[in-house]
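Asks: Supplied in structure tokens, the structure appears directly below.
Protein chains: 2
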Amino acid sequence: MSQYQTFTAEQAVAYAKEHSGLVDPSELVRAEEIGDGNLNLVFKIYDTQNVSRIIVKQALPYVRCVGESWPLTLDRARLEAQTLIEHYQHCPEHTVKVIHYDPEQYVIVMEDLSDHQIWRSGLIAGLHYPQAAQQLGEYLATVLFYSSDFYLHPHRKKELVAQFMNPQMCEITEDLFFNDPYMEHERNNYPAAIEKAVHALRDNSDLKVAVAELKQRFFSSPQALLHGDIHSGSIFVKSGSLKVIDAEFGFFGPMGFDLGCAIGNLLLNYCGAEGLFDKPTAQQAKAQRLGDIETLWSTFTERFSVLVKHHGSDQALCVDGYVSLFLRNIWRDTLGFAGTELIRRSMGLSHVADLDTISDEAQRHASLCRAIHLGRELILHTDVITDGDSLSAFVRRAF
Amino acid sequence: MSQYQTFTAEQAVAYAKEHSGLVDPSELVRAEEIGDGNLNLVFKIYDTQNVSRIIVKQALPYVRCVGESWPLTLDRARLEAQTLIEHYQHCPEHTVKVIHYDPEQYVIVMEDLSDHQIWRSGLIAGLHYPQAAQQLGEYLATVLFYSSDFYLHPHRKKELVAQFMNPQMCEITEDLFFNDPYMEHERNNYPAAIEKAVHALRDNSDLKVAVAELKQRFFSSPQALLHGDIHSGSIFVKSGSLKVIDAEFGFFGPMGFDLGCAIGNLLLNYCGAEGLFDKPTAQQAKAQRLGDIETLWSTFTERFSVLVKHHGSDQALCVDGYVSLFLRNIWRDTLGFAGTELIRRSMGLSHVADLDTISDEAQRHASLCRAIHLGRELILHTDVITDGDSLSAFVRRAF
Chain A
1 MSQYQTFTAE
11 QAVAYAKEHS
21 GLVDPSELVR
31 AEEIGDGNLN
41 LVFKIYDTQN
51 VSRIIVKQAL
61 PYVRCVGESW
71 PLTLDRARLE
81 AQTLIEHYQH
91 CPEHTVKVIH
101 YDPEQYVIVM
111 EDLSDHQIWR
121 SGLIAGLHYP
131 QAAQQLGEYL
141 ATVLFYSSDF
151 YLHPHRKKEL
161 VAQFMNPQMC
171 EITEDLFFND
181 PYMEHERNNY
191 PAAIEKAVHA
201 LRDNSDLKVA
211 VAELKQRFFS
221 SPQALLHGDI
231 HSGSIFVKSG
241 SLKVIDAEFG
251 FFGPMGFDLG
261 CAIGNLLLNY
271 CGAEGLFDKP
281 TAQQAKAQRL
291 GDIETLWSTF
301 TERFSVLVKH
311 HGSDQALCVD
321 GYVSLFLRNI
331 WRDTLGFAGT
341 ELIRRSMGLS
351 HVADLDTISD
361 EAQRHASLCR
371 AIHLGRELIL
381 HTDVITDGDS
391 LSAFVRRAF
Chain B
1 MSQYQTFTAE
11 QAVAYAKEHS
21 GLVDPSELVR
31 AEEIGDGNLN
41 LVFKIYDTQN
51 VSRIIVKQAL
61 PYVRCVGESW
71 PLTLDRARLE
81 AQTLIEHYQH
91 CPEHTVKVIH
101 YDPEQYVIVM
111 EDLSDHQIWR
121 SGLIAGLHYP
131 QAAQQLGEYL
141 ATVLFYSSDF
151 YLHPHRKKEL
161 VAQFMNPQMC
171 EITEDLFFND
181 PYMEHERNNY
191 PAAIEKAVHA
201 LRDNSDLKVA
211 VAELKQRFFS
221 SPQALLHGDI
231 HSGSIFVKSG
241 SLKVIDAEFG
251 FFGPMGFDLG
261 CAIGNLLLNY
271 CGAEGLFDKP
281 TAQQAKAQRL
291 GDIETLWSTF
301 TERFSVLVKH
311 HGSDQALCVD
321 GYVSLFLRNI
331 WRDTLGFAGT
341 ELIRRSMGLS
351 HVADLDTISD
361 EAQRHASLCR
371 AIHLGRELIL
381 HTDVITDGDS
391 LSAFVRRAF
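For the protein sequence lines, the chains are A and B, in the order given.
Reminder that position 22 of the first sequence reads as 22 in full-length UniProt numbering, one-by-one numbering, no gaps.
Reminder that position 228 of the second sequence reads as 228 in full-length UniProt numbering, one-by-one numbering, no gaps.
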């Protein structure tokens with residue numbers, strides 16, 4: 001089986017038996033395709049007790065939700081496997097474990113996380129995982145530090161930057177985050193009712209200049225090996241545990257992009273809260289989202305600073321006082337990228353369930369407009385919002 | 001002749017005859033080794049009329065001025081040839097022409113520029129080439145624009161960034177610019193008489209934080225294919241003409257690094273003027289250097305903006321108003337990198353003749369201290385110096 005072919009459920013079971021690393025692989029008997037993403041086949045492999053034991057993920061050569069007319073490199077399976085392996089090496093607590101990667105079938109066999117749930121689903125159900133924000137901050141600080149100039153030898157860093165060039169997946173981000181929402185494009189997707197907000201956004205030339213700077217930073221700031229797509233749908237949580245999955249957008253980019261995506265998705269849920277929940281639950285959910293953002297940022301900065309202090313190897317970068325300046329710049333990027341995430345998820349190709357599942361139409365539209373408005377404000381006010389607490393206060397004042 | 005061996009003069013002539021592209025290569029009869037740099041053998045190949053017709057440059061596997069104890073990658077010959085070829089493609093007026101590149105012998109055959117002189121020699125001799133600054137601004141705007149995100153397709157840009165990874169040569173810059181001067185290191189080289197200025201520099205923690213940020217930008221800002229070492233000794237001039245040579249430090253880095261090196265070297269000559277010249281000549285030379293810096297920056301910004309307007313291809317980056325913001329950021333980097341060049345040329349491994357050839361010892365030491373002082377001020381005051389004219393005024397106020 002060396003030529004690429006997409007797996008049937010039976011083939012996925014057979015493949016899992018070969019590569020599961022289980023003591024008794026003959027236990028594996030059944031596969032269920034559960035891919036709800038856009039790009040891949042994902043099989044859960046069950047044992048004789050009907051317990052899912054392992055995941056087989058295979059890259060498809062096109063964007064699944066659009067169809068075969070939008071071809072997409074299979075090389076992303078390599079990038080996903082290698083990104084997860086790099087991240088796991090430094091942060092096994094919070095990275096899904098890759099058990100086997102097959103460069104010919106573009107298949108990753110990985111640990112099953114059925115005892116967890118997708119964070120986004122939890123957030124939409126009004127659940128709060130009090131440790132998740134802290135664990136996400138620890139994950140980001142760890143994986144970004146260990147792939148940064150603070151830690152890596154400059155020769156090794158350059159090798160990794162080349163190895164993780166991810167032109168096709170980056171192009172998706174370049175288009176969906178920084179181009180489409182700010183122009184007319186057939187990929188955009190928003191209800192006619194919010195047209196006014198869309199047009200106001202496109203008429204804002206200061207905003208477009210600020211977005212251009214963010215795109216330039218996305219293009220040309222290989223600060224660390226990013227996850228590249230770390231929204232609440234790429235994160236599994238259960239009580240006391242958080243695991244990151246789905247790293248096919250991994251590449252060396254600006255740290256603020258990962259932080260901005262993560263924070264942007266908490267803010268998307270914040271913007272939808274009044275449509276998703278009854279009034280008291282909405283109030284509580286909004287406070288929890290802002291608390292999570294504060295925790296995420298404070299954990300990230302504390303952990304990153306400690307890592308620089310104890311494990312930093314670049315003499316010039318590890319000088320007293322530099323990490324604070326560096327983190328101030330990362331925070332500015334974070335706010336900007338969070339803003340682009342809020343905007344593109346409200347009017348671009350790919351939406352989030354936090355807004356799209358709001359059943360009341362007026363509430364749904366109001367939530368989309370809130371997200372667009374907040375996105376714009378974050379991009380334009382990076383200078384006055386100085387940290388997580390200040391962001392909380394800013395958001396609370398806005399709505 | 002496929003295994004690498006360093007050329008004798010005779011071998012250089014034989015090689016030139018094979019690869020000169022001349023109609024009658026039998027004219028070539030004699031070679032003279034003229035390498036005054038640190039890294040290479042450079043032969044001028046003369047014809048029967050004793051006219052030099054062509055250059056044969058071969059990379060040595062070690063740093064020539066230190067000896068075989070400092071090995072250095074021969075791959076830099078590829079990087080030099082490919083950088084010059086890329087730059088020539090867009091700016092043939094101001095880039096030396098590569099006639100032949102040999103990846104096995106690490107040899108570049110290139111056009112002879114004996115009718116030009118090295119700009120640094122002219123500057124030290126008190127000569128002024130009134131067109132040089134403008135032509136250098138045009139060269140930098142052109143080669144940097146055509147290798148930037150404004151112009152290149154993102155896929156092509158990523159390919160080129162990987163192709164031009166230059167870890168060993170970058171490491172030299174990383175060490176000599178951003179580490180050595182700010183610590184005790186055996187590679188440093190300065191007279192005991194300026195020890196006080198050196199110690200004051202190393203005690204300045206704000207300065208070290210700012211230098212760390214510059215190093216971080218050098219590490220992680222692949223904005224364009226830089227020359228990487230564009231001081232006045234890498235530039236040939238004659239009346240009406242300017243040609244750039246010696247691109248073995250070529251890599252994708254922050255545009256301000258090239259601009260800063262160029263401007264830093266004009267400022268080094270400025271700092272040495274009172275030791276190099278009599279009083280009226282010194283006054284004139286200083287005014288000319290500042291005038292050149294103003295012209296260089298204004299030409300660069302005008303030309304770069306025109307190129308973005310007429311040939312820019314990235315829709316988001318080409319939005320009205322963005323290029324001004326981008327150039328403001330490049331200018332800030334430029335000042336900082338110019339400052340590091342002033343400092344490392346005054347107390348680090350590699351000095352410049354503009355200061356070292358000052359025969360009066362007290363004058364020489366005063367010039368070194370001026371360069372160190374000015375370097376520090378530029379790095380610390382990037383926020384208040386807004387353009388070339390403002391830089392001129394700042395320097396004039398300082399000395």
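For every residue, glycine included, the Cβ atom is placed at its ideal position computed from N, Cα and C.
As the structure is a computational prediction, the values presented were derived from the model and not from experiment.
1) Would you mind sorting B/T95 into buried or exposed? The rule is 16 or more other CB atoms within 10 Å of its CB.
2) Any Cβ of chain B within less than 9 Å of the Cβ of A/Q283?
3) Just confirm the distance between the C-beta atoms of A/H231 and A/V244, as a whole number of angstroms; I'd bet it's less than 8 Å.
4) Which same chain residues, not among the five before or five after A/H381, have their C-beta less than 8 Å away from its C-beta?
5) Using the three-state DSSP reduction, which class does A/S241 fall into: helix, strand or coil?
6) So with CB distances below 7 Å, who are the chain A contacts of B/A162?
7) Alpha helix (DSSP H) containing A/L335: first to last residue?
8) Give me the chain B residues within the contact set of A/D149, using Cβ-Cβ distance strictly less than 7 Å, ordered along the chain.
9) Using a 10 Å radius around the Cβ and a threshold of 16 neighbouring Cβ atoms, would you call B/N50 buried or exposed?
10) So for A/Y190, helix, strand or coil by DSSP?
11) Kindly indicate which three-state DSSP category B/N40 falls into: helix, strand or coil?
12) Using only the alpha-carbon positions, how far apart do B/S298 and A/A59 sit?
13) As a quick exercise: from B/G321, B/E93, B/V237 and B/R187, pick the residue whose alpha carbon is nearest that of A/N204.
14) Suppose you measure from the CA of A/V23 to the CA of A/S390; what does that come to, to the nearest Å?
15) According to DSSP, what are the bridge partners of B/L28?
16) Scan the region 284–318 of chain B for residues whose Cβ lies nearer than 7 Å to a Cβ of chain A and list them as they occur along the chain.
17) Which first and last residues belong to the alpha helix (DSSP H) in which B/K279 is found?
18) CA-CA distance, B/Q5 and B/A353?
19) Should the region 188–198 of chain A be regarded as contacting the region 368–375 of chain A, the criterion being three or more beta carbon pairs within less than 8 Å?
20) Just to confirm, is the Cβ distance from B/V56 to B/V98 under 9 Å?
21) Might you give, ordered along the chain, the residues of its own chain that have their beta carbon closer than 6 Å to the beta carbon of A/G264, omitting 5 neighbours on each side?
22) Please list the partners that A/G321 has in chain B, where partner means a Cβ-to-Cβ separation under 7 Å.
23) When the distance is taken between beta carbons, is B/P222 closer than 9 Å to A/P167?
24) According to DSSP, is B/E248 part of a helix, a strand, or is it coil?
25) In terms of residues, what are the limits of the beta strand (DSSP E) holding residue 401 of chain B?
26) With B/L307 and B/F145 assumed to form a contact (beta carbons below 8 Å), what rounded beta-carbon distance in angstroms separates them?
27) Identify the contact partners of B/C170 in chain A, using a Cβ-Cβ distance below 8 Å as the criterion.
28) List the residues that DSSP assigns as beta-bridge partners of A/A59.
29) Roughly how many whole angstroms lie between the Cα atoms of A/L176 and A/G256?
30) Leaving aside the five residues before and after B/D229 along the sequence, list all residues of the same chain whose C-beta is less than 6 Å from its C-beta, in chain order.
31) Please confirm whether A/M183 has its beta-carbon closer than 9 Å to some beta-carbon of chain B.
32) Can you tell me whether A/Q89 is helix, strand or coil according to DSSP?
33) Looking at the ligand ATP, does it come within less than 8 Å of A/I358, judged from the CB to the closest heavy atom?
34) Does the beta carbon of B/N179 sit closer than 9 Å to a beta carbon anywhere in chain A?
35) Counting only beta-carbon atoms, is B/L380 nearer than 9 Å to chain A?
36) Under 9 Å between the Cβ atoms of B/E93 and B/E138?
Replies: Walking through what the data contain:
1) In the second sequence, the residue the question calls residue 95 of chain B occupies position 95. The residue in question, B/T95, is buried, as its Cβ has 16 or more Cβ neighbours within 10 Å.
2) The residue labelled residue 283 of chain A in the question sits at position 283 within the first sequence. No - not a single Cβ of chain B is within 9 Å of the one on A/Q283.
3) As a working mapping, residue 231 of chain A is identified with position 231 in the first sequence. As a working mapping, residue 244 of chain A is identified with position 244 in the first sequence. In fact, because the Cβ distance is near 11 Å, the residues do not count as touching under 8 Å.
4) As a working note, residue 381 of chain A is residue 381 in the first sequence. L335 and F394, listed in sequence order.
5) As a working note, residue 241 of chain A is residue 241 in the first sequence. In the three-state scheme derived from DSSP, where H, G and I count as helix and E and B as strand, A/S241 is classed as strand.
6) The residue given as residue 162 of chain B occupies position 162 in the second sequence. Under the 7 Å cutoff, chain A gives A162 and M165.
7) Position 335 of the first sequence, counted from the start, is the residue given in the question as residue 335 of chain A. Y322 to M347 is the extent of the alpha helix (DSSP H) around A/L335.
8) For this step, residue 149 of chain A is matched to residue 149 along the first sequence. Near A/D149 (Cβ distances below 7 Å), the residues of chain B are Q216, F219 and S220.
9) Residue 50 of chain B sits at position 50 when you count from the first residue of the second sequence. The residue in question, B/N50, is exposed, as its Cβ has fewer than 16 Cβ neighbours within 10 Å.
10) Here residue 190 of chain A is taken as the residue at index 190 of the first sequence, counted from 1. In this structure, A/Y190 counts as coil in the three-state DSSP scheme.
11) Translated into the one-based positions of the second sequence, residue 40 of chain B becomes position 40. In this structure, B/N40 counts as strand in the three-state DSSP scheme.
12) Numbered from its first residue, the second sequence carries residue 298 of chain B at position 298. Numbered from its first residue, the first sequence carries residue 59 of chain A at position 59. One Cα belongs to B/S298, the other to A/A59, and the distance between them is close to 50 Å.
13) One-based indexing of the first sequence puts residue 204 of chain A at position 204. Comparing Cα-Cα distances from A/N204 to each of B/G321, B/E93, B/V237 and B/R187, the minimum goes to B/G321.
14) Here the question's residue 23 of chain A lines up with position 23 in the first sequence. Here the question's residue 390 of chain A lines up with position 390 in the first sequence. When rounded, the distance between both Cα atoms is 52 Å.
15) For the purposes of this step, residue 28 of chain B is identified with residue 28 of the second sequence, where counting begins at 1. DSSP output for B/L28 lists B/D47 as bridge partner(s).
16) Q315, A316 and L317
17) Here residue 279 of chain B refers to the residue found at position 279 when the second sequence is read from its first residue. Taken as a continuous stretch (DSSP letters only), the alpha helix (DSSP H) holding B/K279 covers K279 to H311.
18) Walking along the second sequence from the start, residue 5 of chain B turns up at place 5. Walking along the second sequence from the start, residue 353 of chain B turns up at place 353. One C-alpha to the other measures close to 32 Å.
19) yes
20) Residue mapping note: residue 56 of chain B aligns to position 56 of the second sequence, counting from 1. Residue mapping note: residue 98 of chain B aligns to position 98 of the second sequence, counting from 1. In this structure, B/V98 does not lie closer than 9 Å to B/V56 by Cβ.
21) As a working mapping, residue 264 of chain A is identified with position 264 in the first sequence. Only A338, E341 and L342 meet the Cβ criterion.
22) The residue labelled residue 321 of chain A in the question sits at position 321 within the first sequence. Those within 7 Å of A/G321 in chain B are S205 and V209.
23) As a working mapping, residue 167 of chain A is identified with position 167 in the first sequence. As a working mapping, residue 222 of chain B is identified with position 222 in the second sequence. Contact: no.
24) Locating residue 248 of chain B in the second sequence gives position 248, where the first residue counts as 1. Coil at B/E248, not helix or strand.
25) Residue 401 of chain B lies beyond the residue range present for chain B, which begins at 1 and ends at 399; the question has no answer from this structure.
26) Taking the second sequence and counting its residues from 1, one reaches residue 307 of chain B at position 307. Taking the second sequence and counting its residues from 1, one reaches residue 145 of chain B at position 145. Confirmed, Cβ separation roughly 4 Å.
27) Sequence index remark: in the second sequence, residue 170 of chain B carries index 170 (1-based). Per Cβ cutoff of 8 Å: P154 and K158.
28) On the first sequence, position 59 is the one that residue 59 of chain A refers to. For A/A59, DSSP records a beta bridge to A/N40.
29) The residue given as residue 176 of chain A occupies position 176 in the first sequence. The residue given as residue 256 of chain A occupies position 256 in the first sequence. Rounded to the nearest whole angstrom, the C-alpha separation of A/L176 and A/G256 is 17 Å.
30) For the purposes of this step, residue 229 of chain B is identified with residue 229 of the second sequence, where counting begins at 1. Excluding the 5 residues flanking it on each side, B/D229 has same chain C-beta neighbours closer than 6 Å at F249, in chain order.
31) Counting from one through the first sequence, the residue named residue 183 of chain A turns up at place 183. Taking Cβ atoms only, chain B reaches closer than 9 Å to A/M183, which makes this a yes.
32) On the first sequence, position 89 is the one that residue 89 of chain A refers to. A/Q89 falls in the helix class under three-state DSSP.
33) Judged by which ligands are present, the structure shown has none, so any question about the ligand ATP falls away.
34) To locate residue 179 of chain B, count along the second sequence from 1; it is residue 179. With 9 Å as the cut-off, B/N179 counts as an interface residue toward chain A.
35) Walking along the second sequence from the start, residue 380 of chain B turns up at place 380. Judged by the 9 Å Cβ criterion, B/L380 is not in contact with chain A.
36) To locate residue 93 of chain B, count along the second sequence from 1; it is residue 93. To locate residue 138 of chain B, count along the second sequence from 1; it is residue 138. Yes. Within cutoff.
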